[in-house]
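This report concerns only the one structure given below.
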Amino acid sequence: MSDTSRVNNFVIRFANVNGTGSASANGLFAKSIFRSGVPMSPKNIFPSNIQGLPTWYEVRVNDKGFLGRREGIDILVGVNPQSFREDLESVVRGGYMIYDSSRQLHDELIREDIHMIGIPMMRLSMDEFDVPRHQQLFKNIIYLGACVALLDIDIDIVKQLIEEQFASKPKLVPPNFTALEKGYHYTKDHFDCPLDIRVEKRDLIGNKILLEGNAATALGAIYGGSTFCAWYPITPSTSVAKAFDKYAHKLLTDRKTGKKKFAIVQAEDELAAIGMVIGAAWNGVRAFTSTSGAGVSLMNEFIGLAYFAEIPVFLVNVQRGGPSTGMPTRTQQGDVLSSAYASHGDTKHILLFPASPAECFEMSYTGLDLADRFQTPVILMSDLDLGMNEHITEPLQYDKKRKFDRGKVLTAEDLEQSGLDWGRYLDVDGDGICYRTIPGTHPSKGGYFTRGTSRDEYAKYTENGEVYKRNVDRLTVKWNTSKKVVPKPEFYQPSNQSSYGIIFFGTSTDSALEAMNELEKRGNRVDAMRIKAFPFTPEVESFLDQHDEVFVIDQNKDGQMRTLLINELEINPSKLISVLNYNGYPITSDHILNKITQHLSVKELVTESI
Amino acid sequence: MSYIKPTFIHPGLEKNAVGYLKREYEGAISTLCAGCGHDSISTAIVQACYEMNIEPHHLAKLSGIGCSSKTPTYFMSNSHGFNSVHGRMPSIATGANLANRDLIYLGISGDGDTASIGMGQFVHVIRRNLNMTYVVMNNGCYGLTKGQDSATADFGSISKAGGGTATPFQAIDLVGLGIELNATFVARSFSGDKTQLIPLLKAAMSHPGFAFIDVISPCVTFNNNRGSTKSYDYVRDHIAITGGLDFVPRQEEISIDYESGSDKTVELFDGSRINLRKLADDWDPTDRYSAINKLQDSKRSGQILTGLIYIDPESRDLHDILNTVDKPLNKLDEDDLWPGDGALESLNAGFR
Numbered sequence: 103m104s105d106t107s108r109v110n111n112f113v114i115r116f117a118n119v120n121g122t123g124s125a126s127a128n129g130l131f132a133k134s135i136f137r138s139g140v141p142m143s144p145k146n147i148f149p150s151n152i153q154g155l156p157t158w159y160e161v162r163v164n165d166k167g168f169l170g171r172r173e174g175i176d177i178l179v180g181v182n183p184q185s186f187r188e189d190l191e192s193v194v195r196g197g198y199m200i201y202d203s204s205r206q207l208h209d210e211l212i213r214e215d216i217h218m219i220g221i222p223m224m225r226l227s228m229d230e231f232d233v234p235r236h237q238q239l240f241k242n243i244i245y246l247g248a249c250v251a252l253l254d255i256d257i258d259i260v261k262q263l264i265e266e267q268f269a270s271k272p273k274l275v276p277p278n279f280t281a282l283e284k285g286y287h288y289t290k291d292h293f294d295c296p297l298d299i300r301v302e303k304r305d306l307i308g309n310k311i312l313l314e315g316n317a318a319t320a321l322g323a324i325y326g327g328s329t330f331c332a333w334y335p336i337t338p339s340t341s342v343a344k345a346f347d348k349y350a351h352k353l354l355t356d357r358k359t360g361k362k363k364f365a366i367v368q369a370e371d372e373l374a375a376i377g378m379v380i381g382a383a384w385n386g387v388r389a390f391t392s393t394s395g396a397g398v399s400l401m402n403e404f405i406g407l408a409y410f411a412e413i414p415v416f417l418v419n420v421q422r423g424g425p426s427t428g429m430p431t432r433t434q435q436g437d438v439l440s441s442a443y444a445s446h447g448d449t450k451h452i453l454l455f456p457a458s459p460a461e462c463f464e465m466s467y468t469g470l471d472l473a474d475r476f477q478t479p480v481i482l483m484s485d486l487d488l489g490m491n492e493h494i495t496e497p498l499q500y501d502k503k504r505k506f507d508r509g510k511v512l513t514a515e516d517l518e519q520s521g522l523d524w525g526r527y528l529d530v531d532g533d534g535i536c537y538r539t540i541p542g543t544h545p546s547k548g549g550y551f552t553r554g555t556s557r558d559e560y561a562k563y564t565e566n567g568e569v570y571k572r573n574v575d576r577l578t579v580k581w582n583t584s585k586k587v588v589p590k591p592e593f594y595q596p597s598n599q600s601s602y603g604i605i606f607f608g609t610s611t612d613s614a615l616e617a618m619n620e621l622e623k624r625g626n627r628v629d630a631m632r633i634k635a636f637p638f639t640p641e642v643e644s645f646l647d648q649h650d651e652v653f654v655i656d657q658n659k660d661g662q663m664r665t666l667l668i669n670e671l672e673i674n675p676s677k678l679i680s681v682l683n684y685n686g687y688p689i690t691s692d693h694i695l696n697k698i699t700q701h702l703s704v705k706e707l708v709t710e711s712i
Numbered sequence: 006m007s008y009i010k011p012t013f014i015h016p017g018l019e020k021n022a023v024g025y026l027k028r029e030y031e032g033a034i035s036t037l038c039a040g041c042g043h044d045s046i047s048t049a050i051v052q053a054c055y056e057m058n059i060e061p062h063h064l065a066k067l068s069g070i071g072c073s074s075k076t077p078t079y080f081m082s083n084s085h086g087f088n089s090v091h092g093r094m095p096s097i098a099t100g101a102n103l104a105n106r107d108l109i110y111l112g113i114s115g116d117g118d119t120a121s122i123g124m125g126q127f128v129h130v131i132r133r134n135l136n137m138t139y140v141v142m143n144n145g146c147y148g149l150t151k152g153q154d155s156a157t158a159d160f161g162s163i164s165k166a167g168g169g170t171a172t173p174f175q176a177i178d179l180v181g182l183g184i185e186l187n188a189t190f191v192a193r194s195f196s197g198d199k200t201q202l203i204p205l206l207k208a209a210m211s212h213p214g215f216a217f218i219d220v221i222s223p224c225v226t227f228n229n230n231r232g233s234t235k236s237y238d239y240v241r242d243h244i245a246i247t248g249g250l251d252f253v254p255r256q257e258e259i260s261i262d263y264e265s266g267s268d269k270t271v272e273l274f275d276g277s278r279i280n281l282r283k284l285a286d287d288w289d290p291t292d293r294y295s296a297i298n299k300l301q302d303s304k305r306s307g308q309i310l311t312g313l314i315y316i317d318p319e320s321r322d323l324h325d326i327l328n329t330v331d332k333p334l335n336k337l338d339e340d341d342l343w344p345g346d347g348a349l350e351s352l353n354a355g356f357r
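Those protein sequence lines, which keep their order, are chains A and B.
Just so we're aligned, residue 103 is where the first sequence starts under our numbering, counting upward by one.
Just so we're aligned, residue 6 is where the second sequence starts under our numbering, counting upward by one.
This is the structure we're talking about:
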């Protein structure tokens, strides 16, 4: 953007070959900036492959705290010959290309309008290490050392991080230090350090943490009392289950017996995963599964069963590029509609849209409450960018006095009440939510048959059309009740001040807010609203009512959130202007800004010509 | 429903040890075809649960879709039931069981529900040795959609829906498959043989792990014709009973009149015993290899082998494998699950 200072304000991209151990060096780089007190956000752009294909790691450093992706790469650390030409072209004029000069670079691969910094990474590594695998691994730490010198990062911070990383394998610390210093000193000796682009220590992080959304989601499930997880491996959701397993072992193992207060099952497929969750939830535990869009497609039949039989299900959808296998390792908000209306027949599901890891944590435990309270599937709509990348986020918070909201569940004592007219699908409170019983509660009362077929208020099978209709109409009452309870949208202005609005959700938030800030600087104020849940609460509707034109930012091709708003709130489609991003990369503020200013200037031209 | 069971209780009826009359184990009147084998199996389940003194709320009955999966309505009406989706009952049972290890889980499925759409979940629930009883009411056809062949229809068998043509495909033998997959309790029975089926059900429900019973259960409407290998007549003519069987619950001594031939007693984990009588000399039901041989021999000689075919007395169920706490997970509350003061702060510190 327009800011010209390059101190604590740049984008650096590492171009690597996957499977060569670069992730560790790149992660150390990002965390050293975080530890320097400077806001930054890393994005891992990786292939659906284990070894040998190009992978990139991009870090945006911005001390104003704008952490969405930004276009333009200021520094490229290019250690992948496969993508070298493409990487070289991606550097902005006046930027830097740091490359491995162990072999002389071909003349045509030298750009005159950028600074070429050659570090003989492989040669330095071979001088120091004998084993070929080590030469490859420590080459990464050597370029890290070079970056530390060039960007004036405190080398002691990096050393501290290395010590922490290898706390359980202290033998690995000295060779890492050696490689780091090798790269550092070579660079200091051969180049003017630091560059104009550099890192200066600040104190802008406060008590914030650096965390992946998927780990936060898993921790939220644990704090929300979920003791059962069934899952099937699929990128980018696998790390939710892995994190649940890891942290549950730590937090939910009985100290005395060593036995586990939880169960996790790697299912044979996504159908079985959600089936297990439904069985467990029916039997009274809080259960969840995590998957991605392709998995949700497979789960559709069961989602309909949970909706119709009214069983609490917490489903985490870490979205990736679709349709079909799509772009399995790239991000997208492509499942808004297919999740909102998942399964055949008239179905609608509560969706939650987290925008940060802290919110993944919170929405995970509140999502479990909502599922229990409304006895229905609740889907947490994360995505690859949020789930698999580290983000600077508020510390995780949980009030220990908080009680789980288990909703309307009858105990044995409740069932003993004289004159109790209990029917599993009998709405006695008028909110559409009925009382349920857990198997095994009472010897002679409360037993009933759970089924996906039509039934009456007392759970007896029926094909009577009136009774069927009464039941599905009650589900609409229940849906409307949920509108009063799901998270309300977030606004970014004390009161509306513009006839233009901008609506976004999830991982578009950082870039949308940055674009808004830039628009304001240019004298174009827009009001902003971040949607946090579906169904849409009345606040969403009134925001739309109060603006003449509203930009809706969707990270998908078809403008799915826009469609959902039009469909659910009966909005005139011409009022909602789509701002779309669907190339698999996280949306940038530049892109949003361009789309909005384009629209505004066209409007001005039209107005002037009238 | 137009049929209502009379509420009159005959004063001579006996309550079992936990205070329930047999009728309290019954369900609604069956809407299956008159003479359906499935109804006999329901009756056997009622008798087994009554005799085993299972409190109705300590049993959960689960099923998929099809005629067989409708039967849980016709027994144990005081128990919670779950009629899920086609072929997916095992996953529901897995979740339910892990949520509460204290209940008995009785899964009812059919040959279509298990051997076709449900094959994936069937083989995986075997792998996990989930503590449940899994009954397949096997009639070789899709009754509810008017008699199409199922995957257990034998090669050459003739069904009504097939219009007199013989099944051109090889049948899937669920019993053989179960043993092959290391199922820890595998049995086959016949809906017309309650003397055998009742003790088998009791033993299955006491077995700490996955107990599979394939019950040949003729479809009177679509697959009881001449030429069908799942008709009453055919099964009666070709049945080979492995031997008598009695289930002896824990701490209850029952003397059994042994007949001639070799006998075997299998002691279960909880102290219950299964006494097997009149075994063939070359067959040991605790030895997988000999069970497979016996099964193959019967198949070759055109016999339908019934009885307890294989049992692993050392069975470890899924809770054991996952090392879960003794208290059912669904009884754990905030106090049990609170990770402790300071746990979150130390997590946060680790993310800085």
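We put the CB at the ideal spot given by N, CA and C, even for glycine.
Remember, it's a predicted structure, so these values are computed and weren't measured experimentally.
| Are the beta-carbon atoms belonging to G247 (chain A) and Y286 (chain A) less than 7 Å from one another? | yes
| task | Determine the burial state of S150 (chain A): buried for a count of at least 16 other Cβ atoms within 10 Å of its Cβ, exposed for fewer. | result | exposed
| request: Give the straight-line distance between the Cα atoms of I257 (chain A) and G397 (chain A), rounded to the nearest whole angstrom. | output: 44 Å
| Whole-angstrom C-beta distance between R193 (chain B) and L310 (chain B), which should lie under 8 Å | 6 Å
| query | Pairing CB atoms from the segment 57–72 of chain B with CB atoms from the segment 327–346 of chain A, are three or more of them under 8 Å? | reply | no
| request: State buried or exposed for V23 (chain B), treating a residue as buried only when at least 16 other CB atoms are found within 10 Å of its CB. | output: exposed
| field | Top-ranked residue by Cα proximity to Y563 (chain A), from B:H43, B:A53, B:P333, B:T78 | value | B:T78
| Cβ contact (3+ pairs, closer than 8 Å) linking the segment 458–465 of chain A and the segment 433–444 of chain A | no
| said: Taking the straight line between their C-alpha atoms, what separation do you get for A104 (chain B) and N335 (chain B)? | reply: 5 Å
| When the Cα of G117 (chain B) is compared with those of B:V90, B:R106, B:L18, B:T157, which residue comes out closest? | B:T157
| When the cut-off is 7 Å and only beta carbons count, does K290 (chain A) lie next to chain B? | no
| said: Going by DSSP in three states, H493 (chain A) sits in which element: helix, strand or coil? | reply: strand
| said: Let me see if you follow: with CB-CB separation under 7 Å, is L428 (chain B) close to chain A or not? | reply: Coverage of chain B is limited to positions 6 through 357, which leaves residue 428 (chain B) absent and any answer about it impossible.
| message | Considering just the uninterrupted stretch of the alpha helix (DSSP H) at D533 (chain A), what are its terminal residues? | response | Looking at the DSSP string, D533 (chain A) is not in any alpha helix (DSSP H), and its letter there is neither H nor E.
| query | Within 7 Å (strictly less), CB to CB, does V330 (chain B) reach chain A? | reply | yes
| field | Below-7 Å beta-carbon distance, M378 (chain A) vs any chain B residue | value | yes
| message | Strictly below 7 Å CB to CB, what residues from chain B border W384 (chain A)? | response | F87, A101
| What residues in the segment 184–195 of chain B have a beta carbon less than 9 Å from any beta carbon of chain A? | none
| field | Residues bridged to W158 (chain A) (per DSSP) | value | A:A117, A:I147
| query | So what's K362 (chain A) in DSSP terms, helix, strand or just coil? | reply | strand
| message | Can you confirm whether K362 (chain A), when its beta carbon is compared against all beta carbons of chain B, has any partner nearer than 7 Å? | response | yes
| query | Taking the Cβ atom as the reference point for each residue, do I311 (chain A) and F356 (chain B) lie within a distance shorter than 7 Å? | reply | yes
| query | What residue from A:M378, A:P497, A:D474 has the CA that sits closest to M401 (chain A)'s CA? | reply | A:M378
| message | Using the Cβ count rule (16 or more neighbours within 10 Å means buried), how would you classify D202 (chain A)? | response | buried
| query | Ends of the beta strand (DSSP E) at L522 (chain A)? | reply | Taken as a continuous stretch (DSSP letters only), L522 (chain A) belongs to no beta strand (DSSP E), as it is neither H nor E.
| task | Quick one: grab the DSSP three-state call for D118 (chain B). | result | helix
| request: Please list the residues of the segment 534–565 of chain A that have a C-beta atom closer than 9 Å to any C-beta atom in chain B, keeping them in chain order. | output: T539, I540, P541, G542, T543, H544, P545, S546, K547, G548, G549, Y550, F551, T552, R553, G554, T555, K562, Y563
| the segment 197–228 of chain B: positions lying closer than 8 Å to chain A by Cβ | none
| request: Using a Cβ-Cβ cut-off of 7 Å, state whether G125 (chain B) counts as contacting chain A. | output: yes
| message | In this structure, how does DSSP classify A444 (chain A) when only helix, strand and coil are distinguished? | response | coil
| Every unbroken beta strand (DSSP E) within the segment 399–464 of chain A, with a cutoff of 3 residues, ordered by chain | 415–421, 452–454
| query | If T329 (chain A) sits next to A365 (chain A), beta carbons under 8 Å apart, how far is it from one beta carbon to the other, in whole angstroms? | reply | 7 Å
| In chain A, what lies closer than 7 Å to F356 (chain B) by C-beta? | I311, L312, L313
| said: By DSSP's criteria, Y139 (chain B) is part of a beta bridge. Which residues make up the other side? | reply: B:G112, B:F217
| request: Could you name the residues of the segment 333–355 of chain A whose beta carbon sits closer than 7 Å to any beta carbon of chain B, in the order they occur along the chain? | output: L353, L354
| field | Selection of the segment 497–525 of chain A by Cβ proximity to chain B, strictly under 7 Å | value | P497, L498, Y500, K502, K505, F506
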